Every structure is written in C-alpha cells, then in structure tokens.
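Be aware that the sequence shown starts at 10, since it is given in the numbering used here, and climbs by one per residue.
Written below as structure tokens is the structure these notes are about.
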Amino acid sequence: MPLRLPSWDQAYPSKARLRLEVSMMLESVVEALLGQLGEGAFVGIYAKGSALKPWDSPLDYVPELSDLDVQLLLHDPGLLDDLERALAVQADLERRFFRRAPQPLHLPRPQILVINRFLESPTFSPSPASVVQTLFGKPYAEVHPLTDREAVREADRWSLLEHAKPEDLRAFPLNFMDMPGKYLFHCLRQLTWRVGPTASRALSLLGSSFEEAWGHNRTHLVGRLEAAGQAGLAADYAGFYLCAWDFYRSGYADSEAARQAVRHGVRVLEAGRRLAQG
C-alpha cells in the first residue's frame, strides 16, 4: 500500500509564508555577497536544493533543517578564506533578512559553498539545470555541465558507501547519546546532509535517468522508491523528514520526535549502503 503522506494543511505553518521567507533569505544572501565582495569577484552565483523545488507535501521542506543551497564560483577561490570578509558577508545577509522579515516564522538556513575546487572532482556531480537558478554570472550549465551520465551513477554509488561508512554508523550512538532536548537538532543536522541525497542516489542505481533521479522533490522521490520495490527505504526516508517536522512544530521540545527521526535517518543510510554494495 502506498505511503499516505500528510497534506500541507492548517496543522503546519503557512506554506506561502515559509516560501516567501526563503525568497527573502535568498535575496539577502545575493545582495550581501555582491555588496561585500563586488560583482567582479564572481564567475557565477547559483541556488538549488529542496528549498527551491515544488513543495507538494510537508516532506519537501522542513523549516531550519532543509538547506537553501547557494554555490559560488569565484575568480579567486581563496577570497572567502579571510575571516573578517566572511563575517562581513554573514552580518550583512543577516541584517538584510531581518529588515525584510522582522518577525519571521522561521529562519531559513543558507548553505554557501565555493565550488571551484570541487569542479574537477569526479564525485562532485552536477544537478539538472532545470532545478538550478543562476542568480548572477555565467549560466550553470556552462560552468558545471553534465558530460558523463555513467560517471554520475558511479559517483552516486561511491557516495552511498562513503556517507554510511561502518565506522561512522558505529560512532552515531555515542555521538547522539549526550544530546538532550533542543540539542537533538544537532543530531538531525549530522544526518540530513547524508539522508537528503540518498533517495536520488538510490534511484540512480536502480536505473532511473539522471533527470528523474535528481530533478524532483522528496514527495515524488518517495513514490518512485515505492514503485521500484524499495518500500522500506521510502518509509524511513519520509519518516525522517516528517518526524523532524514534528520536532520543529513542538518548538524543539518533542524529544521523542527527534529520536524517531534519528532512527529513520540511520536506517536510510544503512539501506543506501546495502543497495550500493549490491
């Protein structure tokens, strides 16, 4: 029986308001980067991730856990190695956001990555151009083109293994044990960057095209996993995000919801590893 995902109803904060706050944060980040570093510093600025994809159910965006991914290609890759320069950008984007949203429902979480050194790595795969916004400079497809689909599939296999290494899985219990109450959020942060791409990587190994595996939101991916015979992985993948939502909606007071999210997340990583091992 297909998973019954909750609808985005009155039990959840306003989707329109959350989406507006994400847009406000993205505008603030871009303005701060250009204002502090100057347009001449950039080859391009790009945005991607679940925060920008369609939100068909609460699964697709969890406030403050889901990242707003911003990728920078700089003429000088070391430009933001300077502490004061980086802190100036941080202070500026924060100031701009709260000027736009003095009392936000949530604080969107930008994740800014300088991608210069990653572009030559065979394990740093592009995203479908359809899900990346070019915010400034060269089009994304020109700076990170898809050149080898089979290489992407092998990178997905490698990542499923690398992000669920046995030593990491063994370390999780002690890492998570001393995180009472609100500190459980740090456990979810340790997991989310590993859990998030697991569905796409699994579908890639199961034969989905690059666009099908990487070009859709989590609601769609869960359905595709179920159709591919991966009902357990689909259930745990959905469970991680829905329990994280419960933790957020409780004001980070519902520790059991966070513990359940941790359980689901670890099972997702274990399932992804088994799939990659064949």
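Just so you know, even glycine gets a beta-carbon here, dropped at the ideal spot from N, CA and C.
Please read all numbers here as calculations on a predicted model, not as lab measurements.
Taking 8 Å as the upper bound for CB-CB distance, LEU114 and GLU30 are in contact here, some 6 Å apart. Under the DSSP assignment, GLN99 falls in the alpha helix (DSSP H) whose first and last residues are 92 to 109. When DSSP reads this structure, VAL79 sits in a beta bridge with ALA56, ILE121. Per the C-alpha coordinates, the member of GLU103, LEU81, TYR246 positioned closest to GLY146 is LEU81. THR201 sits in a helix when the DSSP states are folded into three classes. Separation of ASP18 and LEU197 (C-alpha to C-alpha, rounded to the nearest whole angstrom) is 24 Å.
Taking the CA atoms as reference points, LEU46 sits about 39 Å from CYS252. Within the same chain, Cβ atoms closer than 6 Å to the Cβ of GLN120 are found at ASP76, ASP78, the five residues on either side in sequence being excluded. PHE145 sits in a strand when the DSSP states are folded into three classes. With 16 or more other CB atoms across the displayed protein chains lying within 10 angstroms of its CB, PHE51 is buried. Note on MET34: 16 or more other CB atoms within 10 angstroms of its CB, so buried under the neighbour-count rule. In this structure GLN239 is buried. Its beta-carbon is surrounded by 16 or more other beta-carbon atoms within 10 angstroms.
The stretch 198 to 215 makes contact with the stretch 273 to 285, as at least three CB pairs between them are under 8 Å.
Three or more Cβ pairs closer than 8 Å define a contact, and the stretch 158 to 167 falls short of that threshold against the stretch 185 to 195. The alpha-carbon of ALA150 is positioned some 38 Å away from that of ALA180. Across the structure, ARG233 and THR156 are spaced so that their CA atoms are roughly 25 Å apart. Between ILE124 and the set THR228, VAL71, HIS153, the nearest pair of CA atoms involves HIS153.
LYS24 is positioned such that its CB atom lies no closer than 7 Å to that of VAL140. Under the three-state reduction of DSSP output, PHE185 falls in the helix class.
In the DSSP assignment, THR156 falls outside any alpha helix (DSSP H), carrying neither H nor E. In this chain, the alpha helix (DSSP H) harbouring HIS273 covers 264 to 286. Boundaries for SER66: no alpha helix (DSSP H) harbours it, and the DSSP string shows neither H nor E there. Two segments are said to touch when three or more pairs of C-beta atoms, one from each, lie closer than 8 Å; by this definition the stretch 253 to 260 touches the stretch 56 to 72.
Spanning the alpha carbons of VAL161 and PRO111 requires a straight line of approximately 42 Å.
Annotated three-state conformation of PHE51 is strand, per DSSP. Cα atoms of LEU128 and ASP85: separation of roughly 14 Å, rounded to the nearest angstrom. Nearest Cα to GLY216 within the set GLY248, GLY241, GLU159, ALA247: GLU159.
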